[in-house]
Amino acid sequence: MNKFYITTAIDYTNDVIHIGHAYQKILADSLARYHRLLGDQTHFLTGTDEYGQKNEKSAKSRGIDPQEFVDEISAKDKKQWKNLNISYDRFIRTTDKDHKKFAQEFYLKSKAAGDIYLNKYEGLYCEGCEAYYEKKDLVNGKCPFHPSKEIQHLTEENYFFRLSKYQDWLEKYILEHPEFVWPDKKREEILSFIRGGLKDFSVSRLKKNLSWGIPVPDDPNHVIYVWFDALINYLTYGVEENCWPADVHVLGKDNQRFHAIYWPAMLKSAGYQLPKTILVHDFYSLGGQRISKSLGNVILPSDLTKKYTTDGVRYFFLRYGPLTNDVDITWEKLKEVYNADLANGLGNLVARVAKLAEKVDLHLEPRTYNLEPEVISHLNGFRVDLALEFIWQKITAADALIDSNEPWKLEGEKLTEFLQKIIPQICQIAYNLQPFLPETAQKIQQQFSGKIKSGDPLFPRIS
RNA sequence: GCCAGGGUAGCUCAGUGGUAGUAGCACGUAUUUCAUAAGUACGCUGUCGGGAGUUCGAUUCUCCCCCCUGGCACCA
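Have a look at this one:
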């Protein structure tokens, strides 16, 4: 039996997730469901990233304890995922006990390898961004994002990870393993970044400045920097479940550098195998605007599912989502796709055939179905969009077959005969839809088993 | 500024050295009535970003220019 271990990025808990994050989870979920269908021993991990200054600050502004704060956000995220039918096997939180322990062990392993050392970090610090800036990045001596705040000149003692040591090794590794970063375009970006030179990065913060973090195990004055700790979540679960290395890390392009550069170097340092593929997807924009809290255009996945159903949203995202390109989303487009592909397409096909079958009181013998070779080949290459496009061609073909046979003019034996031909085709379509639209696939399979009845529309048309 | 990828029908995009597409949506016409005013068939529209060059011939190759997007380290 094959093993398949897939992860998503874990979401930062300073605020609830939005549709940008949702694309990633749905994508990973459909791949996980696909591998379960293949019979692979599948592990699907998602979760939340809960330490760091932003979390601590957000909690303070609400006047509550950080743990209480991240508990709340984490629970809200989980609700969103449930609403989208995300079939994760574990929801990991970086505040989980096993993760804390594992992250500390990892840190020590990397240190024992000689890759962690103490140094001084000097820099221009913006409190709003909770980040250091180079002088050249400032606008009139102020932070470009928080011009009202004063830039602070800080010196802080940090532990550093010796990333520079891994530069040549990593470049060679990526060249020799073209499947390591997907798609190609992103791999080129990573390579050019590596060639620009890798600098050591800090992996700790002083506890007196930031207490909300995992303690550095051999220095009580420090906590582990969020990035270093967060990446390790994949390994925490992977080692426990004995499914490391991961087959796919699914993440957004904002995270590609951390996953494609820091993470492999960290793993190499601590003596672990590298994940097989880093799948980097692009972003949604909303009516031409970047999705962001400050623009006030954040949409929750639950806002969309209310109107378009869970599978409706899954379909739209998977078929037309930002897999290898940024994609602009509008309510208008969503409605058009819903009506054209789901109501008029899949839903109507099922409805018209079910009604005909009901007329002759048809019973069908159970049959087995299989994934189409084209679907398999597209999914092995992560192209959920092309897989769905292929399935929709089958839907159109089924509609055309119905029209050319005019079954509504047939009666008795002849009608039964035709239905026995067309219904398995629809069931085959439903079988292939399982990774993408699990509820709908199941409904169709149920409707066409045993005594067939016409029922409520799968996707009522929206005007 | 540097690097990468793009600019093709109203929209989203595919594509090729021989006056563009088997594409989907939208639109139009016909047709059908089993179905969610759904389906099917047929059709419409484009100076293929601008200019120059190579070529018998370029949307496709080369050069220049314009525009868009992304990356250019501690932004989960």
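Take any residue in the first sequence, count from 1 to its spot, add 112: that is its number in the working numbering.
C-beta: ideal position from N, C-alpha, C; glycine also.
Under the assumption that Asn-197 contacts Pro-550 (Cβ atoms under 8 Å), give the Cβ distance between them as a whole number of angstroms. 6 Å
Report the CB separation of Thr-119 from His-361 in whole angstroms; it is logged as a contact under 8 Å. 5 Å
Alpha helix (DSSP H) segment containing Phe-530, residue limits: Per DSSP, Phe-530 belongs to the alpha helix (DSSP H) from 524-545.
Give me whichever residues DSSP pairs with Val-362 in a beta bridge. Thr-120, Leu-391
Count the CB pairs spanning the region 529-544 and the region 477-487 that are closer than 8 Å, and state whether there are at least three. yes
Please state the DSSP three-state secondary structure of Ser-561. Under the three-state reduction of DSSP output, Ser-561 falls in the coil class, being neither helix nor strand.
How long is the line joining the alpha carbons of Gly-424 and Ile-390, rounded to whole angstroms? 27 Å
Between the Cα of Leu-343 and those of Phe-218, Val-496, Tyr-450, spot the shortest distance and give me the residue it belongs to. Phe-218
Starting from Val-335 and walking both ways along the beta strand (DSSP E), at which residues does that stretch end? 334-336
With which residues is Val-128 paired in a DSSP beta bridge? Answer is none; Val-128 lacks a bridge partner.
Just confirm the distance between the C-beta atoms of Val-335 and Ser-316, as a whole number of angstroms; I'd bet it's less than 8 Å. 7 Å
Figure out for me which residue from Leu-545, Phe-548, Ala-469 has the closest Cα to the Cα of Gly-567. Ala-469
First through last residue of the beta strand (DSSP E) which encompasses Thr-154: 153-161
Starting from the Cα of Glu-283, find the closest Cα among Glu-353, Glu-301, Glu-525 and give me that residue. Glu-301
Give the straight-line distance between the Cα atoms of Leu-322 and Tyr-124, rounded to the nearest whole angstrom. 17 Å
With DSSP as the reference, please indicate the residues paired to Ile-507 in a beta bridge. Ile-507 pairs with nothing; no bridge assigned.
Could you spell out where the alpha helix (DSSP H) holding Lys-397 opens and where it closes? For the record, residue 397 in the displayed sequence is Ser; it is not Lys. Counting along the chain, Ser-397 falls outside any alpha helix (DSSP H), though it belongs to the beta strand (DSSP E) covering 396-398.
Less than 8 Å separating the beta-carbons of Glu-268 and Thr-207? No, the Cβ-Cβ distance between Glu-268 and Thr-207 is not below 8 Å.
For Phe-116, tell me which candidate among Ile-122, Pro-329, Ala-140, Ile-129 has the shortest Cα-Cα distance. Cα-wise, what sits closest to Phe-116 is Ala-140.
Pull up the DSSP beta-bridge partners for His-475, would you. Lys-563
Just to confirm, is the Cβ distance from Ile-131 to Ile-411 under 8 Å? yes
Apply the 10 Å Cβ neighbour rule to Ala-171 and answer buried if 16 or more other Cβ atoms are within range, or exposed otherwise. buried
Nearest by alpha-carbon distance to Gly-235: which of Ser-222, Asn-270, Gln-279 is it? Asn-270
Under the rule that 16 or more other beta-carbon atoms within 10 Å means buried, what is Glu-168, buried or exposed? With 16 or more other Cβ atoms within 10 Å, it is buried.
Going by DSSP, name the residue or residues bridged to Phe-576. Missing from the structure shown is residue 576; the chain here goes from 113 to 575 and no further.
Between the alpha carbons of Lys-188 and Leu-513, how many angstroms are there, rounded? 46 Å
Leu-476: which of Trp-443, Leu-275, Lys-533, Pro-434 sits nearest, CA to CA? Nearest C-alpha to Leu-476: Lys-533.
Report yes if the CB atom of Asp-227 is closer than 8 Å to the CB atom of Lys-277, and no otherwise. yes
Work out the CA separation of Asn-367 and Asn-231 for me, nearest whole Å. 26 Å
Cα-Cα separation, Lys-311 to Leu-275: 6 Å
Residues of its chain near Val-128, where Cβ-Cβ distance is below 8 Å and the 5 sequence neighbours each way are ignored: Ile-185, Lys-188, Asp-189, Gln-192, Leu-412
From this set, Leu-531, Ser-397, Asp-438, which residue's C-alpha is nearest Lys-471's C-alpha? Ranked by how close their Cα comes to the Cα of Lys-471, the residues Leu-531, Ser-397, Asp-438 have Leu-531 in first place.
The alpha helix (DSSP H) with Arg-573 in it runs from where to where? Careful: Arg-573 lies outside any alpha helix (DSSP H) and carries neither H nor E.
Going by DSSP, what residue range makes up the alpha helix (DSSP H) through Ser-414? 413-420
Inter-residue spacing [alpha-carbon to alpha-carbon] between Ser-381 and Gly-350: 17 Å
Report all residues from its chain with a CB closer than 6 Å to the CB of Lys-565; omit the five preceding and five following residues, and keep chain order. Excluding residues up to 5 positions away in sequence, Glu-470 lie with their Cβ nearer than 6 Å to the Cβ of Lys-565 in the same chain.
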